[in-house]
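This report concerns only the one structure given below.
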Amino acid sequence: MNRNWQDFQIAPLLDIGLLQILAVICVAAILLFAVFRLRGTIWRAIVMAIMLLALIAPQFTDQNREKLSDIVLVLVDRSSSQNIGGRMDQTDAAISQIRNRFADDPSIELRIEDVPGETDTRIFSALDRLLGGIPRERLGGVVMITDGQIHDIPANLDLGAPLHALITGREDERDRRLQIRQTADYGIVGKNADFMVEAIDHSLATGSPVSVRMLHEDGSERNLTLPANEPHRVTIPVPHAGPVIAELRMEESPNETDQTNNRLILETTGVRDRLRVLLLSGEPHPGERAWRNLLRADPGVDLVHFTILRPPEKGDDTPINELALIPFPIRDLFEVRLRQFDLIIFDRYQMRGVLPPHYLEKVVDYVKWGGAALVVAGPEYLGPDGLSNTVLGDLMPVRVTGRVIEQPFVPQVNTAGRIHPVTAPIAGSVNTPPKWGHWYRQIETREADNNVMTLLTGADQLPLLSLRRIEEGRAAMLSSDQMWLWQRGHDGGGPIAEMLRRLSHWLMKEPALDENTITTERSADGKSLNLTWRKIGAEPTTATGANPETGEIVRTTFERQSDQTWQATLPIAERGLIRVQTLDREGGTQSALHVDRDVLTSERRNTNSTPDLLRDLVLANGGYIDRIEKGLPDFRRVEDDRIWNGTNWAGLMETESYRTVIGGITNLLPLPVVAVLLGLICLIGWRIESK
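Converting from the sequence shown to my numbering requires adding 222 to each position, the first position being numbered 1.
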């Protein structure tokens, strides 16, 4: 075995710092001996040198070097877009050829890694992970087998080894698709939301007309014409607050690589510009302050508040400017601006000649059209001028019996109230109900029909807070005027602000407070839709949905769950915009929209195979890139000279990676030899000095 100085090493027997100090002492002693010209200086110097060398312990190691194989990473795109056409067959054939090419080459270690992806393809993230687990000096190259639609391509990359890309798919592929260029996150209720959409079809000349259908939430459709390969503005109406969805569908063409991206979901959130509330107080009383404070504290509410301080028949000599009265603008409020309000509240109001009866008929029409009315009833509600004797009383969810109950009671949330979003958050648990303060007066009422929802009960379990849907609008009645006791903290108070806020927003059709909401979600296996109906009233029976691709109608039934909700499963595996219609035992219907927001994922936005996205990065790393349909390149072993590809070949770098195998160790100054040598030198020195 040939030794060289690379095999030489030292193994000090003492700490190197102590050896340095000892060496300095020895050199100083030798210099001192030389200055005083003592006999035997040379022999003493030799002894000290041998002792220092023995403590340093020089030695040779017997080493062998073994050549290590070069690692070649093969990253295989197994994302969903690879299932289009024959791309997966091309991929498997390419892997088989690469395996066969290096099966008998021990200098190459192939590491093949599949990179899955349902929503996107992240090959470079997988590459970073694999590079962290191998010595970079052993990397001979990276080969990517992909359709080129990769979504984590870095701006730059320096592997220090060649990067090759083999592209699956065909060069003549065609994929028409709809792509959104600008979204509208929010839209004003009653207006339109604007989107910028592009119909992409590179087989058509720019600007050529493309027919597109738009499907709205209410099931209606309209036809649009978009210019090909140009962004175009598309508007959708915003009829209500909350999520608003529409779907665009472009006609399919023969031989498309993928047809799922011919659809596009347009989604915005409807917001009200300002919620306008009209509050009419029949007389000054403590309860009107609760409403005024609540509504004025909400920055999204415009409040118009009138309190009737002096009816027309009242006469006195007080100057009007001292009373700070203004004429009640009856015509302006109830003829000109009535439908501009989102909610009208009658707070202990009574007919005292201020508001003619025919204006209440306008209020009834306003509610049926889609407005909302709330009555807070005190004893005056039953009087000759009370609202119970008007058409507005007939609109309310409860009917009065004519009795005023004056006794202490605590408002209670009933079974329906525990489900309804207005009162569910304040209900507490069944076993530990919240401790609220007492009220002392209530109007005795009875529910008007089976469609009434009573959420709070008072004395003798009579309705206290009742709600009702009337055609397109909503109405509610609070059968007591003593809610202000909670606001002032009497007897511990209660959550009056939260309750009134949620009540008013339910009346103004806040989607999040809808009591009969149907929620939809995909099942874990993605083959069906799970429906959950939070239902108050008649039991639900069936649910129907239309397959978004075939239009086939699918039906299923509901089952009651332990949490008092109803669930059903629609076997619809196809993804898109799905309208669900439900029916209850009394013929009531409810609809919901399910949208699969992952239909147009990054993986499906563009499914045409292409080498263009990877080309710059591959060329920057000296690699080869071309389509597999043209044939695989000839893989060659090349030295690290940065010429790693040609027109029909791809190079894999030969690295200089070795593994060192250490054998025995040969000490140059074994301790027994040192002891004998020192003894001989001492004897020789003593003999010479004794003469």
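The beta-carbon is built from N, C-alpha and C at its ideal position, and this holds for glycine as well.
If we ignore side chains and look at the alpha-carbon of each, how far apart do residue 389 and residue 731 end up?
54 Å
Can you tell me the Cα-Cα spacing of residue 703 and residue 685, whole angstroms?
Straight-line Cα distance between these residues: approximately 14 Å.
What distance in whole Å lies between the Cβ atoms of residue 399 and residue 305, which are believed to be in contact at a cut-off of 8 Å?
With a contact defined as Cβ atoms closer than 8 Å, residue 305 and residue 399 miss out at about 17 Å.
Have a look at residue 678 and residue 757 and give me their C-alpha separation to the nearest angstrom.
17 Å
Which residues DSSP lists as bridging residue 780, in chain order:
DSSP lists no partner for residue 780.
DSSP three-state label for residue 695, please.
Per DSSP, reduced to three states, the secondary structure at residue 695 is strand.
C-beta atoms of residue 620 and residue 726 nearer than 8 Å
Result no, Cβ atoms of residue 620 and residue 726 do not sit closer than 8 Å.
Suppose the cutoff is 7 Å on Cβ atoms and the five residues either side in sequence are ignored; what does the same chain contact list for residue 291 look like?
328, 329, 330, 331
When the Cα atoms are used, what is the spatial distance from residue 817 to residue 798?
6 Å
Is the Cβ-Cβ distance between residue 371 and residue 343 less than 8 Å?
yes
Figure out for me which residue from 365, 612, 500 has the closest Cα to the Cα of residue 578.
612
Evaluate the contact criterion for the stretch 765-775 versus the stretch 791-807: three or more CB pairs, one atom per stretch, below 8 Å.
Because the criterion of three Cβ pairs below 8 Å is met, the stretch 765-775 and the stretch 791-807 touch.
Per the DSSP calculation, residue 491 is bridged to which residue(s)?
408, 465
On a CA-only basis, which of 453, 745, 750, 782 is nearest residue 763? Give me that one, please.
Residue 782 is the option with its Cα nearest to residue 763.
What's the gap between the Cα of residue 623 and the Cα of residue 594?
24 Å
Please classify residue 682 as buried or exposed, where buried requires at least 16 neighbouring CB atoms within 10 angstroms.
exposed
With H, G and I counted as helix, E and B as strand and the rest as coil, what does DSSP make of residue 746?
coil
Less than 8 Å between the beta carbons of residue 455 and residue 418, yes or no?
yes
So, do the stretch 506-522 and the stretch 412-426 have three or more beta carbon pairs nearer to each other than 8 Å?
Three or more Cβ pairs closer than 8 Å define a contact, and the stretch 506-522 falls short of that threshold against the stretch 412-426.
Endpoints, alpha helix (DSSP H) assigned at residue 482
From DSSP, residue 482 is part of no alpha helix (DSSP H); its letter is neither H nor E.
If residue 999 and residue 874 are in contact, beta carbons under 8 Å, what's the gap, nearest whole angstrom?
No answer is possible for residue 999: the residues shown for the chain start at 223 and end at 913.
Length of the line joining the Cα atoms of residue 915 and residue 698:
The requested residue 915 does not occur in the structure, where the chain is confined to residues 223 to 913.
Taking a contact to mean a Cβ-Cβ separation below 8 Å, would you say residue 589 touches residue 617 in this structure?
yes
For residue 472: DSSP bridge partner residues:
434
Please check the pair residue 272 and residue 896, which I expect to be a contact at CB under 8 Å, by giving their CB distance rounded to whole angstroms.
6 Å
To the nearest angstrom, how far is the alpha carbon of residue 899 from that of residue 888?
18 Å
Where residue 675 falls: helix, strand or coil (DSSP)
Three-state DSSP puts residue 675 in a strand.
Straight-line Cα distance separating residue 441 from residue 430
Between the alpha carbons of residue 430 and residue 441 lies a gap of roughly 28 Å.
Where does the unbroken beta strand (DSSP E) through residue 414 begin, and where does it stop?
Note, residue 414: beta strand (DSSP E), 414-422.
With a threshold of 8 Å, are at least 3 pairs of Cβ atoms found where one atom belongs to the stretch 484-493 and the other to the stretch 464-476?
yes
Residue 242: buried (16+ other C-beta within 10 angstroms of its C-beta) or exposed?
Classification for residue 242: exposed.
Between residue 320 and residue 298, is the Cβ-Cβ spacing less than 8 Å?
Not a contact, by the Cβ cut-off of 8 Å.
Short Cβ contact (8 Å threshold) for residue 264 with residue 232:
no
Do residue 387 and residue 733 come within 8 Å of each other at the CB atom, strictly closer than that value?
no
What is the residue span of the alpha helix (DSSP H) that residue 324 lies within?
309-324 is the extent of the alpha helix (DSSP H) around residue 324.
Helix, strand or coil for residue 603? Go by DSSP, reduced to three states.
The answer is helix: DSSP assigns residue 603 an H, G or I state.
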